[in-house]
Amino acid sequence: MNDDGLDPLIHVPTRLKIVATLAALPDGDTLSFTRLQDMIGLTPGNLIIHLRKLEDADYLTSEKTKNGTVSITTVALTGQGRAALDAYTKALRDLLGGL
Amino acid sequence: MNHTSDSTAADNGGTFDPQQAATLLGQTTGQARRKFQPSPPWLLATRGIAVLAALGAIWLTVRGQHPYRGPTAADVPVLIGFIVLNFAATVAVRERAMAGVSGRSRFSQGEIAVLAASWVAAAVLIAALAAAKVSYAHYPTTVLIIPGLAWAAVEAVRAEWRECVIGLAVTAVGVAGLFAGSAGSWLVAGVGLCVVLVGHAAVTAWRPRA
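Protein sequence lines correspond, in order, to chains W and G.
Residue 95 in the numbering used here is what sits at position 95 of the first sequence, and the numbering runs on without skipping anything.
Residue 102 in the numbering used here is what sits at position 102 of the second sequence, and the numbering runs on without skipping anything.
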């Protein structure tokens, strides 16, 4: 945690966008890697780096499934990731005196 | 936007202040909710106005009929075209919003089967009423009752209470039409569905889905 109480894993523009985008889905829904990439506007390599950091912290899960010759990767925010975003949002509110 | 330098700078404790973070969080959340919205407010409002125009126009042609003969031959293709266009637009927008999304936001095969069966049941009910020469067979609102209840039931099982209320409201419009007479039921259907759809649009715009 930073001195200002902001989670350093989330307090990065790209990762904040990833987490906020996934949090807009109802709990339990997953999003394909390609749709997430399209919404965030990152290169696949750059997105993978950020997803891996979030996955290492158990903020999201990813799953790769094979459909014939095509493999599809889906990602979803975990309960821990959702709680981390809630805590981050609260910390921002406290810092800014209400969003 | 240079994502590499952006992420590197921020990872190293760069210049991403809380105010910027709050703005980005608000923007991203709003954009994502809009993009994932299967029934966006603009579509709901457009459908509401269109259904009022289509059914209101038919009411204007049938209200002076004594005895009631129903929509004219010219009205029927317009009505069918409106229903097909409405259905196609709804499905297309929903599919676009749900692209890449899997999980409970998507209807299961069983839920789709229940909803499809409700329309078949409505058609069977209308045919049975017509065969029995019951006037309700000619009320446009009669067809709303079973699909409205089915929608409410499916959404109640999914604990989507807002959508459940929409289904019950559509059913209420269907029941209200039974008391309006053959011609009046067209007006009840037009106004009732318009109110439901525009109301749904207003609520969705005011408080998007989580």
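For glycine and all other residues, C-beta sits at the position ideal for the given N, C-alpha and C.
These numbers were taken from a predicted model, which means no experiment stands behind them.
Look at LYS66 of chain W: its C-beta is not under 9 Å from any C-beta on chain G. The beta-carbon distance between LEU168 of chain G and ALA150 of chain G, rounded to whole angstroms, is 11 Å. This is too long to meet the 8 Å contact definition. Just so you know, the alpha carbons of PHE33 of chain W and VAL101 of chain G end up roughly 10 Å apart.
Between ALA97 of chain G and the set G:PRO40, G:ALA176 and G:GLY81, the nearest pair of CA atoms involves G:PRO40. When G:SER135, G:LEU24 and G:ARG34 are compared, the shortest CA-CA separation from ALA180 of chain G is found for G:SER135. For GLU63 of chain W, the pairing in a beta bridge is given by DSSP as W:THR74.
Contact check for ALA83 of chain W against THR30 of chain W fails: the beta carbons are separated by 9 Å or more. Judged by DSSP secondary structure, SER32 of chain W falls within the beta strand (DSSP E) whose first and last residues are 30–32. Going by beta carbons, ALA32 of chain G and ALA24 of chain W fall inside the 9 Å limit.
Inter-segment contact for the region 116–130 of chain G and the region 138–147 of chain G is present: three or more beta-carbon pairs are separated by less than 8 Å. With a contact defined as Cβ atoms closer than 8 Å, LEU60 of chain W and THR78 of chain W qualify at about 6 Å.
Listed by position along chain W, the residues whose Cβ is nearer than 8 Å to that of GLY190 of chain G form an empty set, because the closest Cβ is around 33 Å away.
The Cβ atoms of LEU44 of chain G and LEU197 of chain G sit closer than 9 Å to each other. Shortest Cα-Cα distance from ALA183 of chain G to any of G:ARG69, G:ILE83 and G:TRP206 involves G:ARG69. Partner residues in the beta bridge of VAL101 of chain G, as assigned by DSSP, are W:LEU31. With a beta-carbon spacing of about 5 Å, ILE58 of chain G and ASP75 of chain G fall inside the 8 Å limit used to define contacts. GLU163 of chain G counts as buried, since no fewer than 16 other beta carbons sit within 10 angstroms of its beta carbon.
A Cβ of chain W is located within less than 9 Å of the beta carbon of GLY100 of chain G.
Taken through DSSP and simplified to helix, strand or coil, ARG96 of chain G comes out as helix. Contact check between the region 1–17 of chain W and the region 54–73 of chain W: three or more CB pairs, one atom from each, fall below 8 Å, which counts as touching. In this structure, THR89 of chain W and LEU25 of chain G form a Cβ contact; the two beta carbons are roughly 7 Å apart against a cut-off of 8 Å.
Ranked by Cα distance from ARG34 of chain G, the options G:ALA131, G:ARG94 and G:GLU155 are led by G:ARG94.
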